[in-house]
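Accompanying notes for the structure given below.
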Amino acid sequence: RGGGGAGGSTTNPFRTLLDLQGALRTKSVYVLDGGGGGSGGGKGEAGEGASGSSSQETIDPAMDKRLPVFAHLPQYKDPKHFEKEFSGVALGGGGLTLSSSSAARQQFHPAILSLGMQYASGTIRGGNARAKAMLRAFQQVIRDYEPPTGSGNSNTAASGGRPPTSRSPKDDIRHDLDHRIIKPAFQYWTTQCRPHSVSMGNAFTFLKLAVAALDRDMALEEVKEILVETIDAYIHERIDLADKAISKYASSKIVDGDVILTYGCSNVVEVLLLEAARDKGVDSFRVIVVDSRPLLEGRALVARLAEAGVECTYILLNALSYVMMREVTKVFLGASALMSDGSVLSRVGTAGVALMARSNNIPVLVCCETYKISNRVQLESITGNEMGNPDDVVIAGCAMDRAGGSSECGGGDGSSSGGAKQTNSIISDWRAVPNLKVMNLLYDLTPSEFVSGIVTEMGILPATSVAVLLREMNPQDTNTAFMGDM
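Numbered by this note's numbering, the letters in the sequence shown go through residues 592 to 1077 in order.
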């Protein structure tokens, strides 16, 4: 929406949200800016807001599939339907440009494009997995990196083994890595594939600081070696060792006869439960795994725990109240991010589990690495969130297999395993049904008052102390918002 008020031309997401809600109530027609990308486009009545763009389209509100309350969020884009946006990306003089030519597609390292497709398709999920994959991709790019032709950093042979004494900023290998390699790749993942997670944002900031800390006159091979080793150290210390430390602290709270409840599949919670089973014995406690559609991620956790000999119970979210009141003694949850006010951002449904536990006076321990702490304060799940694939929701009775690109009962087109089309449900062809919208929200926010304690590699602390951890562990000023506008 063009901003003609005193505040300037910057789009206000709350103003846009109110405009869209008002248009919905009055059943007026939306006029969307063609350059808005579907994430927070403005509304215009007849004679209002039409002067800023010549490429506007009129959309019937009955057929607009965006929910007004979440219209400011980046809308999901299926890689199958937006092939050029995921693969036809080139580096131009002004940054990222779209192109369908095969030569332009080579401007990004293949590892960047491949990982972008995996992010977009959901093959790689979870805060730790996405951050690790990003850092490993950057390692590969750094190993294969060559400075631009004519750069003084390419080698030192011409100067008798000594680095050149004077260089322009364009010859600085740090500047080239940052502005030509790292930032465009991260921007591509964030804007074209999937909004980044808080873990990815903090890891990216760490990598930028590592590049900036390099000696200007350092040789190319030494630069590569240092950056690769620095990334390895970050993954080992901030993720792998952190998970083991969290497991040690959290397992001290498990006693014989405990019934542990967890939700979905969290990497750190899985490490915790397996370590506790090895140290305390598989018969010392029992695990209840709560799951929900459409991903049903908890099934993989149940399979691995059962294989390790742990007694497990698998239920869906709608049966939570029955087991919570009768059996559960402790709740362990994972987190996608910790906000500085102590609230927890995690997979949608986590807040309901924490609320149910609190209403039954059951302690809730959130296990989270410190590199997932954000400097943001968020009070609800509307301002910052992410929209998933709506087709995942409409496949009744099926769990999406993202690695295979299909569901257990067939593809994502509403067909069953036998090839018969599911015509008995109105949501099979939801895009063609007027006034029907489907939403697949990925995250929710759990207030700090629902959390009994935060388990990090630094120990167990109250949710009110997250701000202290942020200052101690992440002193840099990081912007860990969902930069797709996760």
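Glycine residues also receive a C-beta, built at the ideal position from the N, C-alpha and C atoms.
* Who are the Cβ neighbours of Cys-856 in its own chain at under 7 Å, not counting the five residues just before and after it? -> For this step, residue 856 is matched to residue 265 along the sequence shown. Closer than 7 Å at Cβ, skipping near neighbours: Glu-888, Gly-889, Ala-891, Leu-892.
* To do: May I ask you to report which of helix, strand or coil DSSP gives Gly-632?
  => Here residue 632 refers to the residue found at position 41 when the sequence shown is read from its first residue. The predicted position of Gly-632 is uncertain, since its pLDDT is 35 and thus under 50; no value can be drawn from it.
* Relative to the C-alpha of Thr-740, which residue among Pro-670, Ala-867, Val-881, Ile-764 is closest? -> Position 149 of the sequence shown, counted from the start, is the residue given in the question as residue 740. Nearest C-alpha to Thr-740: Ile-764.
* To do: Identify, in the order they occur along the chain, each residue of the same chain with its Cβ nearer than 6 Å to the Cβ of Ile-822, setting aside the five sequence neighbours on each side.
  => Along the sequence shown, one-based indexing puts residue 822 at 231. So the list reads Leu-726, Gln-730, once near-sequence residues are dropped.
* Asked: How is Gly-1044 classed by DSSP in three states: helix, strand or coil?
  -> For the purposes of this step, residue 1044 is taken as the residue at position 453 of the sequence shown. If DSSP states are grouped into helix, strand and coil, Gly-1044 belongs with the strands.
* Asked: Excluding five sequence neighbours on each side, which residues of the same chain lie with their C-beta closer than 7 Å to the C-beta of Ser-912?
  -> One-based indexing of the sequence shown puts residue 912 at position 321. Within the same chain, Ser-912 has close Cβ partners Met-947.
* To do: Say whether the region 794–809 touches the region 919–937, bearing in mind that this needs 3 or more beta-carbon pairs closer than 8 Å, one atom from each stretch.
  => no
* Asked: Thr-853 and Val-880: beta carbons closer than 8 Å?
  -> As a working mapping, residue 853 is identified with position 262 in the sequence shown. As a working mapping, residue 880 is identified with position 289 in the sequence shown. Closer than 8 Å, so yes.
* Please go through the same chain and pick out, in chain order, the residues whose beta-carbon is closer than 8 Å to the beta-carbon of Gln-697, but skip the five residues on each side of it. => As a first step, residue 697 must be located in the sequence shown, where it is residue number 106. Per-residue confidence for Gln-697 stands at a pLDDT of 44, beneath the threshold of 50, marking its modelled position as unreliable; no derived number is given.
* Under a three-way DSSP split, which group does Gly-940 fall into? -> Start at 1 with the first residue of the sequence shown, and residue 940 comes out as number 349. Correct three-state label for Gly-940: coil.
* Find the nearest neighbour of Ser-934 within the set Arg-967, Val-850, Ile-986, judged by alpha-carbon distance. => Here residue 934 refers to the residue found at position 343 of the sequence shown. The shortest Cα separation from Ser-934 among Arg-967, Val-850, Ile-986 belongs to Arg-967.
* Asked: So is Ala-910 buried or exposed if we call it buried at 16+ other beta carbons inside 10 Å?
  -> As a first step, residue 910 is located in the sequence shown; it is residue number 319 there, counting from the start. Exposed, by the Cβ-count rule.
* **Three-state class that DSSP yields for Ile-1051 in the structure shown** => In the sequence shown, the residue the question calls residue 1051 occupies position 460. Strand, per DSSP.
* Which of helix, strand or coil DSSP assigns to Met-947 -> Taking the first residue of the sequence shown as position 1, residue 947 is located at position 356. Of the three classes helix, strand and coil, the one that applies to Met-947 here is helix, per DSSP.
* Three-state secondary structure assigned by DSSP to Arg-807 -> Stepping through the sequence shown from its first residue, residue 807 is reached at position 216. Looking at Arg-807 - three-state DSSP - the assignment turns out to be coil, as it is neither helix nor strand.
* Can you tell me the Cα-Cα spacing of Asp-1020 and Val-859, whole angstroms? -> If you number the sequence shown from 1, residue 1020 lands on position 429. If you number the sequence shown from 1, residue 859 lands on position 268. Going from the Cα of Asp-1020 to the Cα of Val-859 covers about 39 Å.
* **Reduced DSSP secondary structure (H/G/I, E/B, other) of Val-540** => In the structure as shown, the chain starts at 592 and stops at 1077, and residue 540 therefore has no counterpart that could be examined.
* Asked: How should Asn-976 be labelled, buried or exposed, when 16 other C-beta atoms within 10 angstroms of its C-beta is the threshold for buried?
  -> One-based indexing of the sequence shown puts residue 976 at position 385. Result: buried.
* To do: Take Leu-800 as the anchor and find which of Gln-783, Val-819, Asp-769 has the nearest alpha-carbon.
  => In the sequence shown, the residue the question calls residue 800 occupies position 209. The shortest Cα separation from Leu-800 among Gln-783, Val-819, Asp-769 belongs to Asp-769.
* Arg-563 to Phe-1041, Cα distance in whole Å? -> Because residue 563 is not part of the residues shown, which for the chain are 592 to 1077, the question remains open.
* To do: Please report how far the alpha carbon of Arg-716 lies from the alpha carbon of Tyr-710, in whole angstroms.
  => As a working mapping, residue 716 is identified with position 125 in the sequence shown. As a working mapping, residue 710 is identified with position 119 in the sequence shown. Straight-line Cα distance between these residues: approximately 7 Å.
* Those runs of the alpha helix (DSSP H) which lie wholly inside the region 759–831 and span at least 4 residues -> 764–767, 774–779, 789–803, 811–826
* Asked: If you run the structure through DSSP and keep just helix, strand and coil, what is Gly-707?
  -> Indexing the sequence shown from 1 puts residue 707 at position 116. Three-state DSSP puts Gly-707 in a helix.
* Asked: Would you call the CB atoms of Leu-1060 and Thr-961 closer than 8 Å?
  -> Within the sequence shown, numbered from 1, the residue matching residue 1060 stands at position 469. Within the sequence shown, numbered from 1, the residue matching residue 961 stands at position 370. Cβ atoms of Leu-1060 and Thr-961: closer than 8 Å.
* Alpha-carbon spacing of Asn-980 relative to Leu-1033, whole angstroms -> Residue 980 sits at position 389 when you count from the first residue of the sequence shown. Residue 1033 sits at position 442 when you count from the first residue of the sequence shown. The straight-line gap from Cα to Cα measures roughly 9 Å.
* Would you report the Cα separation of Gln-783 and Asp-847, rounded to the nearest angstrom? -> Looking up residue 783 in the sequence shown gives position 192. Looking up residue 847 in the sequence shown gives position 256. Answer to the nearest angstrom: the Cα atoms are 49 Å apart.
* To do: Compute the Euclidean distance between the alpha carbons of Ala-836 and Asp-806, then round it to the nearest angstrom.
  => Stepping through the sequence shown from its first residue, residue 836 is reached at position 245. Stepping through the sequence shown from its first residue, residue 806 is reached at position 215. Looking at the two C-alpha atoms, the distance is approximately 34 Å.
* Hey, how far is the Cα of Leu-658 from the Cα of Thr-1037? -> If you number the sequence shown from 1, residue 658 lands on position 67. If you number the sequence shown from 1, residue 1037 lands on position 446. The alpha-carbon atoms of Leu-658 and Thr-1037 are separated by roughly 22 Å.
* Asked: Between the C-alpha atoms of Glu-1063 and Cys-958, what's the straight-line distance to the nearest angstrom?
  -> One-based indexing of the sequence shown puts residue 1063 at position 472. One-based indexing of the sequence shown puts residue 958 at position 367. One C-alpha to the other measures close to 18 Å.
* Check whether Ser-788 and Gly-718 have beta carbons under 8 Å apart -> One-based indexing of the sequence shown puts residue 788 at position 197. One-based indexing of the sequence shown puts residue 718 at position 127. Yes, they are a contact pair.
* Measuring alpha carbon to alpha carbon, tell me which of Gly-1044, Leu-704, Lys-921 ends up nearest Tyr-779. => Reading the sequence shown from its first residue, position 188 is the one you call residue 779. For the residues Gly-1044, Leu-704, Lys-921, the minimum Cα distance to Tyr-779 belongs to Leu-704.
* Taking the alpha carbon of Asn-952 as the point to measure from, which residue in Asp-669, Arg-917, His-663, Gln-969 has its own alpha carbon closest? -> Looking up residue 952 in the sequence shown gives position 361. Checked all of Asp-669, Arg-917, His-663, Gln-969; the closest Cα to Asn-952 is Arg-917.
* Burial state of Asp-874 (16 or more Cβ within 10 Å) -> For the purposes of this step, residue 874 is taken as residue 283 along the sequence shown, with counting starting at 1. The residue is exposed, with fewer than 16 neighbouring Cβ atoms inside 10 Å.
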